[in-house]
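Student: Add 330 to a position in the sequence shown, counting from 1, and you land on the number used in this note's numbering.
Beta carbons: idealized from backbone N, C-alpha and C, even for Gly.
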Amino acid sequence: MLEFLKYDSLDSFVKDVLPPNILSSRNLKVEPSNGLTESELLAHLKKIAKKNKTSRSYIGCGYTGTITPAVIQRNILECPEWYTSYTPYQPEISQGRLESLINFQTLVTDLTGLDIANASVLDEATAACEAMTMSLASMPSKRQKREGRTFFVDKRVHPQTIACLASRAEGFGIHVKVGDALDVAAVKAIGDDLIGGLVQYPATDGSIHDYGKFSEVVHELGAPVSMATDLLALTMLKPPSEVGADIAFGNAQRFGVPMGYGGPHAAFFATKDSMKRKMPGRIIGVSKDRLGDSAYRLALQTREQHIRREKATSNICTAQALLANMSAMYAVYHGPAGLKAIAQRVHSLTAILAEGIQRLGFEVNPGVQAEGGFFDTVTLRVADAKDAVAKIADWYGINLRPVDDQTISITLDETVTQQDMEDILAALSAFAERIPGRLKWAEFVNEIADDLSITATAAPALPEAFQRTTSYLEHPVFNTYHSETEMLRYIHHLQTKDLSLANSMIPLGSCTMKLNATTEMLPITWPEFNSLHPYVPREQAGGYTQLIGELEKDLADITGFDAVSVQPNSGAQGEFTGLRVIREYLKSIGQEKRDICIIPQSAHGTNPASASMAGMRVVSIKCSAKTGELDIADLRAKAEKYKDQLAAIMITYPSTFGVFEPGVKEACEIVHSHGGQVYMDGANMNAQIGLCSPGEIGADVCHLNLHKTFCIPHGGGGPGVGPIGVKSHLAPFLPGHPIVATGGDKAIAPVAAAPWGSASILPISWSYIKMMGARGLTHATKITLLNANYMAARLSEHYPILYTNDKGRCAHEFILDTRGFKETAGIEVIDIAKRLQDYGFHSPTMSWPVPNTLMIEPTESENLQELDRFCDALINIRAEIKEIEDGKVSKEKNVLKMAPHTIKDLVAGKWDREYTQAQAAYPLPYLYNRKFWPSVTRVDDAYGDLNLFCACVPVDAIE
């Protein structure tokens, strides 16, 4: 490749790619410098993992133990065809995970009783934030602008959720009022300032209440009701739709996804049909393809942030697709009867526990008058709750939850055994009052021994008014695959429909689809990492403490910052967090009036949405039409104009146009000289590591995408991690948490439910960094740049390349200009994208940041043969376009317009096209040996939005 580009070394090549004024003179401090071997890495990580104490946790608070069916763990969580695929923007090669995600949506709509659900959001606490801002967006314009706009939150909502709501509310100017939802007079007194209300069902203390009157009052005031809930409980409980909810959300973690010290888990989110166009996140819909067959796709995509920008009320650009697929398969495997049996057993054991607690002399649920009783959680009062919980953890290895100084909460789950029950009651007996005549412990155990092995059929009934009477999960998919043989075949059937990194390179610009090494993935299923509750005492999480500390230290070194927080659980959350930190810092120095955020026109769509959510006003600056670089003159003018209000600038580096802008340091200096802070979007960090760094360039804060640069797989659309690095003056404001202390001494409220966000996948990035070492990380960056420039050079003979530097070089990605083909051949960028599927490739990023172009990023993971294979495909497609330009085939029914081609398309019916079946299916020789077949022909997007089906429907419903 160097010879092709006419260089004699990587270093001489790099000097032509990066501006000399940003090249770093320091070496990374990541140890060991040369990296660990795979076997060394696993041995070392095992020692760290053993520092985590895998106690039994019954803490609850939104997280419970679960049993991941082995067929799901091995064939989804540990399967590269599921975890390396990309967000399903190309539905023809994504039908497998799209079907699974629509199963997830059906699971949610059936159990909540609401009309439409999305394909998951980040976690329960941030789902509550989305419900709050969605409630605001549903209000009439005048009420949205009221000074006193108030979101009412019941005091029985999980504490981490309340804390996250406070963090999100500030930027929108929303007052979060925490009170008693059963005191309807207090709710009514809010009047027209009310924008919505939130309750937890069952509540954080396990109690089940009738919120009917609360819902009536909120609706009388013209506001929606949101309800945090539990999917397993809803197999027995009356669904939210029947008790007044307009929005329902929660955590699907207990449907087969390990606790993993807090995540990642798929949060679910559902609403009424009338509010569907306000709903955040991705929605999977059913449409039809060119042949009229049903096909799945992403629906309502015009709601994405790149359209609404600063007017968006949500910046969510990802989901938890991999975990949603696990939870969906858990429901498919168990079916409605199996899920109810699990719920009944959990409820039965909780009833037995309550009886045992009472016999020990405790009052169950003291001071709680719950009309609906409880589902899986009970509380009891002791003299010193925190001391009792600590002693029980030490003596018995059992973690319970101290709700307050005198109250303990216990949450049971499907993992609980008879021995667990005996141990819990034995532990509590040490703190029981000595009541005369109470049974001795041995007698007590003998008396209830038979009850402890209770079956589902013996479950005590919930109060009649709270019992579910409606059916759920009647679709065949939830009633067919209950043997492991059938489940395995169903999972594999879906898997074969999706193109992933197991098939070919995925050259998506800005998305960095690189190798997710198997060794890096192994530890995420180790019990030492995946079984911990996020709120266990810190001394039980010594391994996580060490691993996270080392990861934060290495990330700080790599980025040139002083401190890092890994709490944000997506890139967009990282953006929001970084801007919140800036706002709090400015407030601390008496500069709270600064609220202008300058954002280039080329920025990611989430940038302006995140700025708006942080309470900032967005001002755009121009980019050069010729080079794509920041317009420094425009920046200087805007900085001067808003010098008294300037809070920050958001810069993506290298730029979204795929070049290292030479004026970036000058841009930072301009903003700093006018009193602002510099925020750097680190989505393209894989082009910087070891060569330059945001901190040295001049940034004050930067978010990273661990699912891009640092090898956490995309999982078909999630999970992700978006930590932020900051300079020392911002470190005190890093996000905290109400249950487990974290963050700085002036910490902002949390931005995620768990203290360290999606902790269970952090070993992936830690392992990547430790195996690469300082030298490997720097070398990989150079190969990233080399691969992109090699491809750009090869393709430049056939396509125009947009935006290169004065040496004709791009950064780690480049933009292929396909705009001219519309006039010469009637071909648009989508036609090229669909035709690439016939060649066995996923399309590069389409029409962003420049409409009707392709942004290509090869990453450092791909070898020369794969780069050439992709280049050959694009070059051959250019030849196919030339045939249209020369009039050899028509503009209407050519091989690109009809792409992609399925087996059915080739063999069914009469073939009367201007090209042969062989030209359609095997345009290059390599395809005879490694052909990937799209499972549907081109999907009709317009039909899908006009005829919105977002749950499992009979095939004949799609006409």
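Measuring alpha carbon to alpha carbon, tell me which of THR384, VAL866, ASP892 and PRO853 ends up nearest LEU1296.
Tutor: This structure leaves residue 1296 out entirely; the chain is present only between 331 and 1289.
Student: Going straight from the alpha carbon of THR1108 to that of GLY365, what length do you get?
Tutor: Here the question's residue 1108 lines up with position 778 in the sequence shown. Here the question's residue 365 lines up with position 35 in the sequence shown. Going from the Cα of THR1108 to the Cα of GLY365 covers about 12 Å.
Student: With three or more C-beta pairs closer than 8 Å as the rule, is the segment 989-1004 touching the segment 1046-1063?
Tutor: Touching, no, given that fewer than three Cβ pairs across the two stretches are closer than 8 Å.
Student: Measuring CB to CB, does PHE599 end up less than 9 Å from MET609?
Tutor: Mapped onto the sequence shown, residue 599 falls at position 269. Mapped onto the sequence shown, residue 609 falls at position 279. Yes. Within cutoff.
Student: DSSP beta-bridge partners for ILE577?
Tutor: Here residue 577 refers to the residue found at position 247 of the sequence shown. Paired residues: SER556 and THR601.
Student: Assess contact between the segment 567-575 and the segment 509-523, defined as three or more Cβ pairs (one per stretch) separated by less than 8 Å. Is contact present?
Tutor: No, the segment 567-575 does not touch the segment 509-523.
Student: Relative to the alpha-carbon of ALA1077, which residue among SER497, LYS670 and GLY703 has its alpha-carbon at the smallest distance?
Tutor: Taking the sequence shown and counting its residues from 1, the one referred to as residue 1077 is at position 747. Considering only alpha carbons, the answer is SER497.
Student: In terms of residues, what are the limits of the alpha helix (DSSP H) holding ALA1272?
Tutor: To locate residue 1272, count along the sequence shown from 1; it is residue 942. That run of the alpha helix (DSSP H) goes 1271-1276.
Student: With a threshold of 16 other CB atoms inside 10 Å of the CB of SER1173, please say whether the residue is buried or exposed.
Tutor: Indexing the sequence shown from 1 puts residue 1173 at position 843. By the neighbour-count rule (16 or more Cβ atoms within 10 Å), SER1173 is buried.
Student: Considering only their Cβ atoms, is the gap separating PRO992 from GLU1026 smaller than 9 Å?
Tutor: The sequence position of residue 1026 within the sequence shown is 696, counting from 1. The sequence position of residue 992 within the sequence shown is 662, counting from 1. No, the Cβ-Cβ distance between GLU1026 and PRO992 is not below 9 Å.
Student: Ordered along the chain, which non-local residues of its own chain (more than five positions away) have a Cβ less than 6 Å from that of PRO930?
Tutor: For the purposes of this step, residue 930 is identified with residue 600 of the sequence shown, where counting begins at 1. Result list for PRO930: ILE951, CYS953 and LEU960, in chain order.
Student: Which residues bound the beta strand (DSSP E) around ALA379?
Tutor: Along the sequence shown, one-based indexing puts residue 379 at 49. Unbroken run through ALA379 is the alpha helix (DSSP H), 368-379; no beta strand (DSSP E).
Student: Going straight from the alpha carbon of MET331 to that of LEU1194, what length do you get?
Tutor: As a first step, residue 331 must be located in the sequence shown, where it is residue number 1. As a first step, residue 1194 must be located in the sequence shown, where it is residue number 864. One C-alpha to the other measures close to 8 Å.
Student: For GLY615, does the three-state DSSP call read helix, strand or coil?
Tutor: Walking along the sequence shown from the start, residue 615 turns up at place 285. Strand.
Student: Label PHE334 either buried or exposed according to how many other C-beta atoms from any shown protein chain fall within 10 Å of its C-beta, with 16 as the threshold for buried.
Tutor: Taking the sequence shown and counting its residues from 1, one reaches residue 334 at position 4. With fewer than 16 other Cβ atoms within 10 Å, it is exposed.
Student: May I have the straight-line CA-CA distance separating ALA1209 from SER415, to the nearest angstrom?
Tutor: Counting from 1 along the sequence shown, the entry for residue 1209 is found at position 879. Counting from 1 along the sequence shown, the entry for residue 415 is found at position 85. In a straight line, the C-alpha of ALA1209 is about 29 Å away from that of SER415.
Student: Can ALA715 and GLN736 be called in contact, C-beta distance under 9 Å?
Tutor: Stepping through the sequence shown from its first residue, residue 715 is reached at position 385. Stepping through the sequence shown from its first residue, residue 736 is reached at position 406. A contact, by the Cβ cut-off of 9 Å.
Student: By Cβ distance, which residues of its chain are closer than 6 Å to LYS844, with the 5 residues on each side in sequence left out?
Tutor: Position 514 of the sequence shown holds residue 844. Around LYS844: THR1189 and SER1191.
Student: What does DSSP give as the partner residues of LYS507 in its beta bridges?
Tutor: As a position in the sequence shown, residue 507 is number 177, starting the count at 1. DSSP output for LYS507 lists PHE482 as bridge partner(s).
Student: Helix, strand or coil: which one does DSSP assign to GLN530?
Tutor: As a first step, residue 530 is located in the sequence shown; it is residue number 200 there, counting from the start. Looking at GLN530 - three-state DSSP - the assignment turns out to be strand.
Student: Measuring CA to CA, which of ILE1131, MET1102 and LEU1132 is closest to GLU370?
Tutor: What you label residue 370 is simply residue 40 of the sequence shown in a count that begins at 1. With distances taken between Cα atoms, GLU370 lies closest to MET1102.
Student: Can the beta-carbon of ALA1118 be found closer than 9 Å to that of TYR1169?
Tutor: By one-based count along the sequence shown, residue 1118 stands at place 788. By one-based count along the sequence shown, residue 1169 stands at place 839. In this structure, TYR1169 does not lie closer than 9 Å to ALA1118 by Cβ.
Student: What are the residues that DSSP puts in a beta bridge with GLY390?
Tutor: Working through the sequence shown from its first residue, we reach residue 390 at position 60. The partner list for GLY390 (beta bridge, DSSP) reads TYR393.
Student: Spell out a yes or no on whether the segment 1084-1100 and the segment 1031-1043 are touching, meaning 3 or more CB-CB pairs, one atom from each, closer than 8 Å.
Tutor: Flag = yes, the segment 1084-1100 and the segment 1031-1043 touch.
Student: Do ILE888 and VAL360 count as a contact pair if the criterion is CB distance below 9 Å?
Tutor: For this step, residue 360 is matched to residue 30 along the sequence shown. For this step, residue 888 is matched to residue 558 along the sequence shown. Yes.
Student: Which one of SER556, LEU564, TYR591 and GLY592 has the shortest CA to CA distance from PHE579?
Tutor: On the sequence shown, position 249 is the one that residue 579 refers to. Out of SER556, LEU564, TYR591 and GLY592, SER556 has the C-alpha closest to the C-alpha of PHE579.
Student: Under three-state DSSP, which class holds ARG1149?
Tutor: As a working mapping, residue 1149 is identified with position 819 in the sequence shown. Residue state, collapsed to three classes: coil.
Student: Tell me the rounded alpha-carbon separation between VAL547 and PRO554.
Tutor: Translated into the one-based positions of the sequence shown, residue 547 becomes position 217. Translated into the one-based positions of the sequence shown, residue 554 becomes position 224. For VAL547 and PRO554, the distance between alpha carbons rounds to 10 Å.
Student: Which whole-angstrom value describes the C-beta separation of THR1175 and SER840, a residue pair presumed to lie in contact below a C-beta threshold of 8 Å?
Tutor: The residue labelled residue 1175 in the question sits at position 845 within the sequence shown. The residue labelled residue 840 in the question sits at position 510 within the sequence shown. Rounded, the Cβ-Cβ distance is 6 Å, consistent with contact.
Student: With a threshold of 16 other CB atoms inside 10 Å of the CB of GLY390, please say whether the residue is buried or exposed.
Tutor: Your numbering for residue 390 matches position 60 in the sequence shown. GLY390 comes out buried.
Student: Could you tell me which residues DSSP pairs with PRO732 in its beta bridges?
Tutor: Residue numbering aside, residue 732 sits at position 402 when the sequence shown is read from its first letter. Paired residues: ILE738.
Student: Please list the terminal residues of the continuous beta strand (DSSP E) segment that includes ASP1011.
Tutor: On the sequence shown, position 681 is the one that residue 1011 refers to. 1007-1012 is the span of the beta strand (DSSP E), which, as asked, contains ASP1011.
Student: For PHE705, which residues from the same chain have a beta carbon less than 6 Å from its beta carbon, with the 5 sequence-adjacent residues on both sides left out?
Tutor: Counting from one through the sequence shown, the residue named residue 705 turns up at place 375. Contacts found: PRO532, ALA563 and HIS677.
Student: So the candidates are PRO793, LYS381, GLU408 and PHE891; which of them puts its Cα closest to the Cα of MET656?
Tutor: As a position in the sequence shown, residue 656 is number 326, starting the count at 1. The shortest Cα separation from MET656 among PRO793, LYS381, GLU408 and PHE891 belongs to GLU408.
Student: Measuring straight from C-alpha to C-alpha, what distance separates ALA902 and LEU1132?
Tutor: As a working mapping, residue 902 is identified with position 572 in the sequence shown. As a working mapping, residue 1132 is identified with position 802 in the sequence shown. ALA902 and LEU1132: Cα-Cα distance of roughly 27 Å.
Student: Among ILE1069, THR565, SER1097 and GLN1167, which has the Cα closest to the Cα of ALA1084?
Tutor: Counting from 1 along the sequence shown, the entry for residue 1084 is found at position 754. Minimum Cα distance to ALA1084 is reached at ILE1069.
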